[in-house]
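Asks:
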Amino acid sequence: MSYRSSIDLHCHSTASDGELEPEALIDLAHRRGIKTLALTDHDSIAGIASAKAQARQYNLQLISGVEISVSWEKQVVHILALGFETDNLILQQGLNAQQQGRRERGKRMGLKLEQFGIEKAYQRTCEYAGGDLLSRTHFAHLLVECGYASNTRQVFKNFLIRGKPGYVSNSWADLSSVLGWIKAAGGVAVIAHPARYRLTRTKLRRLFAEFKDLGGGGLEVVSGSHSRDEILQMAHFSQHHGFYATAGSDYHGPKHTWLELGAIPPLPPHCRPLYNEAGDRLFTHSQAT
Ligand code: AMP
Ligand code: MN
Ligand code: MN
Ligand code: MN
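One gets the numbering used here by counting positions in the sequence shown from 1 and adding 2 to each.
Pasting the structure below:
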């Protein structure tokens, strides 16, 4: 069954590892009947201005967003920031540091892949990525192009995850710093695709408690990478821990096998949506203490 939602709070453009330029992403959102969209590129807000300008033409509400990589208990956890002021210097400085970390990780990945026999891996990946933001997805595309695998999923499995020849670990910002940046910019923090980390119940509970203490506001209950059961489980956790709930496709572009933009089921009943049907945000920081 294919769903159509008028609100999608998680997607990517060419400002990170998505395939569509921000304007083209907005055109698609409009064609798909989306009224409220958050552009949430990895560690970058570079696509928001042009997305916002394009959204204005359609009367589509574009919510500022970014998906920030966080190191938490030896795991990488993704935190979505939504509805912040894009000109906030604290957030911008934090994201710049993340981007620098990505470039340094990229150089180390490039060296490993060059040792593996892939010539000029770093340089070619930078050319492919085009902008400032380097993601493992960009390396995956290079490896597919070089014939090491038939699709990016296969590349991740054989090269880019822990223990494989192209993998290097990286130290991302910690949870407390990231929530500080988001709060400084007036945004709300949401744990992205919480079921994807495969955490034990105990660890998940610890993550939720810590996140809540630091002023975190929401859980991404509906995600393109959640199964039906995981959606119900996360809906339960969001109620239990007093979090708002969000829904996002995590759309990356037409070539990805992920979900279509906006093709997400509704939030289960009893969830408290972070944005209502009219696109108003219901979380304020005064509630979070
Ligand atoms: P990075 O943040 O640079 O480490 O890259 C993470 C990104 O790689 C994710 O946001 C996904 O877009 C992509 N990714 C992670 N795992 C896979 C996978 N198994 N198959 C395809 N893409 C993946
Ligand atoms: Mn991605
Ligand atoms: Mn993610
Ligand atoms: Mn994402």
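Glycine residues also receive a C-beta, built at the ideal position from the N, C-alpha and C atoms. Predicted model only: the values in this text are computed from it and were never measured.
(1) Here's a check: name, in chain order, each residue in its chain whose Cβ is nearer than 7 Å to the Cβ of residue 108, leaving out the five neighbours to either side.
(2) Would you grab the beta carbon distance between residue 270 and residue 237 for me? Rounded to a whole angstrom, and I think it's under 8 Å.
(3) Could you tell me if the beta carbon of residue 227 falls within a distance shorter than 6 Å of some heavy atom in ligand 1?
(4) With respect to 6 Å, is the separation between the Cβ of residue 194 and the closest non-hydrogen atom of ligand 3 below this value?
(5) Specify the secondary structure class of residue 200 as computed by DSSP and reduced to three states.
(6) Considering only heavy atoms of ligand 5, does any lie closer than 6 Å to the CB of residue 238?
(7) Which residues does DSSP pair with residue 67 in a beta bridge?
(8) List the endpoints of the continuous alpha helix (DSSP H) containing residue 178.
(9) Please classify residue 291: does DSSP put it in a helix, a strand, or coil?
(10) Quick one, which of 167, 99, 8, 217 has its alpha-carbon nearest residue 120's?
(11) With distances taken Cα to Cα, identify the nearest neighbour of residue 190 among 197, 196, 181.
(12) What do you reckon, are the CB atoms on residue 97 and residue 43 nearer than 7 Å?
(13) Below 8 Å on the Cβ atoms is my contact criterion, and I expect residue 196 with residue 5 to pass it. Report the Cβ-Cβ distance as a whole number of Å.
(14) On the DSSP bridge assignment, give the partners of residue 77 in chain order.
(15) Do the CB positions of residue 178 and residue 216 come within less than 7 Å of each other?
(16) Inspect the CB distances between the segment 253–265 and the segment 25–44 and report whether three or more fall short of 8 Å.
(17) If you follow the beta strand (DSSP E) that residue 139 is part of, which residue opens it and which one closes it?
(18) Residue 208 CB to nearest chain C CB: under 7 Å?
(19) Is DSSP giving residue 61 helix, strand or coil here?
(20) How is the alpha helix (DSSP H) around residue 108 delimited, first residue to last?
(21) Whole angstroms are fine: how far does the CA of residue 242 sit from the CA of residue 106?
(22) Counting beta carbon pairs with one atom in the segment 23–31 and one in the segment 6–15, are three or more of them shorter than 8 Å?
(23) Which residues does DSSP pair with residue 10 in a beta bridge?
(24) Apart from the five residues just before and just after residue 278, which ones in its own chain have a Cβ nearer than 7 Å to its Cβ?
(25) Just verifying my parser: in three-state terms, what is the DSSP assignment at residue 221?
Replies: Quick answer:
(1) 124, 127, 136
(2) 4 Å
(3) no
(4) yes
(5) coil
(6) Ligands present in the displayed structure are limited to ligand 1, ligand 2, ligand 3 and ligand 4, and ligand 5 is not among them.
(7) 84
(8) 177–186
(9) Bear in mind that a pLDDT of 48 at residue 291, under 50, signals an unreliable position, so the number given afterwards is only what the model happens to contain. Residue state, collapsed to three classes: coil.
(10) 167
(11) 181
(12) no
(13) Contact flag wrong, Cβ pair sits at about 20 Å.
(14) 74
(15) yes
(16) yes
(17) Run containing residue 139: none in the beta strand (DSSP E); it sits in the alpha helix (DSSP H), 138–147.
(18) Protein chains in the displayed structure number just one, and chain C is not present.
(19) coil
(20) 91–117
(21) 40 Å
(22) yes
(23) 39
(24) 284
(25) strand
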